[in-house]
């Protein structure tokens with residue numbers, strides 16, 4: 471691919487922009503191109519009480535999302551615009567649901583709606599695969615192991631691993647503070663989130679999926695309230711909802727990455743024993759190192775000085791709930807919003823399956839994204855390419871987007887190299903120049 475001129479055109483576009491920004495480190499009067507900056511720098515006001523429209527360009531997302539099906543890309547930016555309109559209208563009119571004293575904010579209403587849609591998509595996916603799941607179970611345990619064609623692991627290993635993981639997680643939840651019923655409920659929500667992330671990231675190629683309701687804790691507290699949960703259960707929820715448990719609460723990229731990892735290896739290495747040794751070892755080493763680094767930094771510099779204030783504030787906000795001074799109760803109106811989101815997903819799924827030209831897919835409803843503008847910037851050229859040149863032109867254009875990704879990554883590396891070489895003092899105090907920011 472490095473011999474492809476189209477690849478180097480994409481590389482030059484992105485790497486050239488970053489080199490221009492690097493020049494601005496030394497020429498302070500050089501105006502900076504702000505299209506890739508933090509989201510707060512790229513917000514365009516829409517109207518009073520409406521959330522802003524974010525026009526940040528995310529090259530990494532765009533380069534990878536070019537493989538995403540066209541209708542899915544359309545729905546990501548379409549629902550981004552729809553959610554801005556819905557939230558703004560609810561703010562402007564004062565619309566709210568919920569019991570007196572615990573109304574849901576417009577953002578919470580949209581989260582409940584999206585999570586209800588996600589549950590329907592996951593349940594529907596499992597239901598559609600019921601025949602295959604039954605077949606794999608029979609091949610694993612009913613004397614049909616000779617027909618086991620499981621890749622990258624055998625069906626028996628997959629089922630035993632799933633059951634062992636479930637038992638371990640249940641025991642861990644109980645040891646953290648959950649009672650068994652709440653632990654099972656929390657596990658079900660986690661399964662929905664992990665399964666949905668892994669399946670739809672693999673199916674669409676859009677790896678920047680944003681999970682509604684974090685890891686299910688927000689949904690539990692919003693619908694069921696906190697009055698019926700013991701302090702131990704509430705503390706357990708808080709621990710599960712933080713970054714330390716399976717990654718960031720919104721985007722748990724480590725889960726879908728496993729499937730892509732085996733795909734990348736190819737058929738010759740998928741079942742090699744070294745792979746199954748390397749995966750758990752790398753996970754254990756990485757987790758241990760990051761725990762040690764965080765604890766060391768906190769004890770050396772103080773938690774409030776090393777980027778941890780959000781964690782402490784989040785924990786402090788839970789104190790009134792745990793103490794019982796700010797309790798909430800089961801809310802049927804919020805439950806209705808959650809069910810309504812599921813009904814929307816059912817209707818959209820039926821329409822998408824009955825009519826091939828139906829443009830709206832429930833995936834955009836179930837996975838709201840902050841990168842709607844970047845999705846639009848990918849959807850529009852892909853739409854034009856397919857209309858003008860068909861599949862052949864689309865395939866010829868793919869190296870351009872690979873060049874965008876490669877230029878972006880090399881640009882990040884170049885920025886860090888410049889910082890280390892010319893700005894070591896600035897970098898040591900955490901104010902170095904940045905290219906990639908999560909938000």
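Residue numbers (the working numbering): 471 to 909. Glycine included, each C-beta is placed from N, C-alpha and C at the ideal position.
Check: Close-in-space but distant-in-sequence residues of the same chain around residue 904 (CB under 8 Å, 5 per side omitted); Outcome: 885
Check: Residues of its chain near residue 482, where Cβ-Cβ distance is below 8 Å and the 5 sequence neighbours each way are ignored; Outcome: 873, 877
Check: Residue 830 beta carbon less than 8 Å from that of residue 545; Outcome: yes
Check: Cβ shell of residue 695 (< 8 Å), same chain only, five flanking positions each side left out; Outcome: 572, 797, 798, 799, 800, 801
Check: Beta-bridge pairing of residue 523 - partner residues as DSSP gives them; Outcome: 514
Check: Cutoff 8 Å; reference residue 493; Cβ partners in own chain excluding five residues on either side; Outcome: 500
Check: Residues of its chain near residue 762, where Cβ-Cβ distance is below 6 Å and the 5 sequence neighbours each way are ignored; Outcome: none
Check: Cut-off 8 Å between Cβ atoms - residues of its own chain near residue 823, not counting five sequence neighbours on either side; Outcome: none
Check: C-beta contact flag for residue 792 and residue 688 at 8 Å; Outcome: no
Check: Residues bridged to residue 567 (per DSSP); Outcome: 574
Check: Nearest-angstrom Cα separation, counted from residue 476 out to residue 855; Outcome: 14 Å
Check: Coarse secondary structure for residue 839, derived from DSSP in three states; Outcome: coil
Check: Enclosing alpha helix (DSSP H) for residue 768 [first to last residue]; Outcome: 743-771
Check: Rounded separation between residue 609 and residue 596 - CA only; Outcome: 18 Å
Check: With 16 other Cβ atoms within 10 Å as the buried cut-off, status of residue 662; Outcome: buried
Check: Cβ pair residue 542, residue 850 closer than 8 Å; Outcome: no
Check: Given 8 Å, three or more beta-carbon pairs between the region 584-593 and the region 669-685; Outcome: yes
Check: Run of the alpha helix (DSSP H) containing residue 796, from where it starts to where it stops; Outcome: It is not in any alpha helix (DSSP H) - residue 796 carries neither H nor E in the DSSP assignment.
Check: Touching by the beta-carbon criterion (3+ pairs, under 8 Å), the region 552-563 and the region 507-522; Outcome: yes
Check: Alpha-carbon spacing of residue 870 relative to residue 881, whole angstroms; Outcome: 16 Å
Check: Rounded straight-line distance, which links the Cα of residue 747 to that of residue 656; Outcome: 29 Å
Check: Coil, strand or helix - residue 538 by DSSP; Outcome: coil
Check: Where the alpha helix (DSSP H) through residue 692 begins and ends; Outcome: 687-694
Check: Closest by C-alpha distance to residue 576, when choosing among 730, 868, 692; Outcome: 692
Check: Pick from 743, 708, 676, 760 that is closest to residue 727, judged by C-alpha positions; Outcome: 676
Check: Local Cβ density within 10 Å of residue 498, reported as buried at 16 or more and exposed below that; Outcome: exposed
Check: Terminal residues of the alpha helix (DSSP H) in which residue 635 lies; Outcome: 625-646
Check: Candidates 592, 866, 644, of which the one nearest residue 479 by Cα; Outcome: 866
Check: Residue environment, residue 755, which counts as buried when at least 16 other CB atoms sit within 10 Å; Outcome: exposed
Check: Residue span of the alpha helix (DSSP H) that contains residue 507, given as start and end; Outcome: Here residue 507 belongs to no alpha helix (DSSP H), and DSSP marks it neither H nor E.
Check: Cβ neighbours of residue 786 in the same chain (closer than 6 Å, five flanking residues each side left out); Outcome: none
Check: Residue 593 versus 666, 646, 868, residue with shortest Cα-Cα distance; Outcome: 666
Check: Distance, residue 821 Cα to residue 828 Cα; Outcome: 7 Å
Check: C-beta atoms of residue 567 and residue 804 nearer than 8 Å; Outcome: yes
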